[in-house]
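One structure is given below, encoded as structure tokens.
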């Protein structure tokens, strides 16, 4: 796990070593163990190393192949690298290290751009081919490892984090209005845009190539995609048995390391099962939980603290367990540091993740996460149930789009965004972006099961990707590598084939209600319930107690809805009710304050909007756009 950066002057101008150094220095938190710079005329690579596998100097990057024709800078872990190494050695390739970096480099040497299909893991890398004068960049299937790039006027630059790109003297900070529109629609960005104008994120499962002296050679191609289907060729019992095998295989694959590994233990089924398998391999495995002071919480938030559940699992698995307890006020203490690390604003109240990653980093260098299980196995049934029965695909788009406008619906935007930028808002339709995610999936005749699969596809491409980007930033802020066993290639390929009827327990009942008894009776299915991940619950019962596999799905969140009305209220108003607030260059203050007051009065829960406004204000303070 590392940080990478680079410059390619397509028109031939020499690369400044000092600029590459500044870019690399800005992300030293991603790799405090060593650094490396390589330049050759119009190309330069930078690398910050977090040593996980082969801690020796042989793992130093940027790395060259034996001929010196290929140079790589790489961030990530390829868990099947030893199998690939054996295959390459059988073909005559010699190795000088025990790293996966060298395996990737020689895989490219043999298979060219098709090498990305060989890798099972998380990665973002760049390879320069001296012979062909071509730069090749690729990102893993799911987007676990982020990679950003800038391309304008013959300057191509890339980096693990945007802040590194901003060290280039030709790259300035300006707000990207279309991305701002997406962010305040979805609390996420579904396209390749970022809030920084002219800076894009390379999409997951994509490869980019560009050749010297040819500004038109730039291309981005998707090499893999999710494909959720309904395979009814085997029984549910066979699905459960195979799922158990693949899950254990996935976790065990990701335990490869030359440094100590820990695990997040939230008290839920997914993290609990990952921890269960890891604990069999490591005596006194270290586990980490974030809890919350609920003394001022109310309603659903009274159940947000899962420390007791985590402690119970820790006792079962005999882990060495550590906890941090957050209270109202901890958010404001960390906001500036948090936003500097996040930079690419996306989903969720992420400061608890920042705190628990900081805790874990004091003890381990690698942490296991339970992310991905919900998106693969339908963990949010109240979302899918809203859209299982439709007149046609456009009806489905309309309903699902309306649901995913988490912050500001289209009808509010004329009053929400300032008149100065609203024409640009109006010219960029978020519904078109939303529809574009599903452009190759929709057809005229679609069954309810297919609509659920489309929703799983959509959420894996958008919601999960946002989670992964945030998770990477917050762990690497503390030089901590996060691994995601549920996103093992074999496990994902299998999960996508499992029929929806095995994932959602009450799908047939919801379909009948929608068809025959429309109205309030459907509402119970639109609330949090335990209908989702049915087959995963049955499979993971082997690893965690029944009370965990049968419980309601609950996200990892602080009781912010209560805190925003109480202890944090003065802080919020001091920042967001200030007429000098930077957000009001883009947002109309009257509308923003009216919406926030709806939350403070208890009329509507707008915690996500308040959090997003706070983040955007701090983003403006820190990055100071022109």
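Numbering (this note's numbering), first residue to last: 155 to 780. We put the beta carbon where it would ideally sit given N, CA and C, even for glycine. No experiment lies behind these values; they were computed from the predicted model shown.
Self-check item: Stretch-stretch touch, CB-based, cutoff 8 Å, three pairs: the region 251-266 with the region 196-203
Solution: no
Quiz item: With 16 other CB atoms within 10 Å as the buried threshold, where does residue 758 fall?
Solution: exposed
Quiz item: Do you know offhand how far residue 467's Cα is from residue 548's?
Solution: 45 Å
Quiz item: With distances taken between CB atoms, is the gap from residue 508 to residue 530 smaller than 9 Å?
Solution: no
Exercise. Could you spell out the range, first to last residue, of the alpha helix (DSSP H) harbouring residue 608?
Key: 602-613
Self-check item: Minimum C-alpha distance to residue 274 - residue among 408, 485, 475
Solution: 408
Quiz prompt | Cα-Cα separation between residue 330 and residue 594, rounded to whole angstroms | solution = 27 Å
Exercise. Put residue 382 into one of helix, strand or coil per three-state DSSP.
Key: coil
Quiz item: Between residue 725 and the rest of its own chain, which residues show a CB-CB distance below 6 Å, the 5 nearest in sequence each way excluded?
Solution: 486
Quiz prompt | Neighbourhood of residue 484 by C-beta distance below 8 Å, restricted to the same chain and skipping five residues each side | solution = 505, 509
Quiz prompt | DSSP-derived helix/strand/coil call for residue 175 | solution = helix
Quiz item: By a C-beta neighbour count over all protein chains shown, 10 Å radius and 16 as the cutoff for buried, is residue 231 buried or exposed?
Solution: buried
Practice problem: Measure the Cβ-Cβ separation of residue 315 and residue 180 and say whether it is below 9 Å. | Solution: yes
Quiz item: Who does residue 186 pair with in a DSSP beta bridge?
Solution: 203
Quiz item: How far does the alpha helix (DSSP H) with residue 550 in it reach, from first residue to last?
Solution: 547-558
Quiz item: Could you give the C-beta distance for residue 229 and residue 279, rounded to a whole number, given that I count them as a contact under 8 Å?
Solution: 7 Å
Quiz item: Beta-carbon separation of residue 411 and residue 542 under 9 Å?
Solution: no
Practice problem: Reducing DSSP to helix, strand and coil, say where residue 334 ends up. | Solution: helix
Quiz prompt | Residue from 648, 722, 622 whose Cα sits closest to the Cα of residue 296 | solution = 622
Quiz item: Do the region 283-291 and the region 604-612 make contact, defined as three or more Cβ pairs closer than 8 Å?
Solution: no
Practice problem: Just tell me which of 571, 268, 383 has its CA closest to the CA of residue 743. | Solution: 571
Quiz item: Along the chain, where does the beta strand (DSSP E) that runs through residue 365 open and close?
Solution: 360-365
Self-check item: Chain-order list of residues whose beta-carbon lies under 6 Å from that of residue 221 (same chain, five-residue window excluded)
Solution: none
Quiz prompt | Where residue 395 sits in the DSSP three-state scheme | solution = helix
Quiz item: In chain order, what residues of the same chain have a beta carbon less than 8 Å from the beta carbon of residue 619, not counting five sequence neighbours either side?
Solution: 296, 297, 358
Quiz item: Helix or strand or just coil, what does DSSP make of residue 675?
Solution: Because residue 675 sits at a pLDDT of 47, beneath the cut-off of 50, its placement in the model cannot be relied upon, and the following sentence gives the value as read from the coordinates. The answer is helix: DSSP assigns residue 675 an H, G or I state.
Quiz item: Are the Cβ atoms of residue 745 and residue 764 separated by less than 9 Å?
Solution: no
Quiz item: alpha helix (DSSP H) containing residue 229: first to last residue?
Solution: Element bounds for residue 229: not the alpha helix (DSSP H) but the beta strand (DSSP E), 224-232.
Self-check item: Closest Cα partner of residue 501 within the set 341, 167, 253, 345
Solution: 341
Exercise. Ignoring anything shorter than 3 residues or poking outside the region 253-339, list the beta strand (DSSP E) runs there in chain order.
Key: 275-283, 288-293, 302-306, 309-313
Quiz item: Three or more beta-carbon pairs under 8 Å between the region 369-376 and the region 631-649, yes or no?
Solution: no
Practice problem: Please check the pair residue 344 and residue 587, which I expect to be a contact at CB under 8 Å, by giving their CB distance rounded to whole angstroms. | Solution: 5 Å
Quiz prompt | Close-in-space but distant-in-sequence residues of the same chain around residue 736 (CB under 7 Å, 5 per side omitted) | solution = 771, 774, 775
Quiz item: Does the Cβ-Cβ distance between residue 396 and residue 388 come in under 9 Å?
Solution: yes
Quiz item: Cβ atoms of residue 473 and residue 419: under 9 Å apart, would you say?
Solution: yes
Quiz item: Straight-line CA distance for residue 158 to residue 324?
Solution: 19 Å
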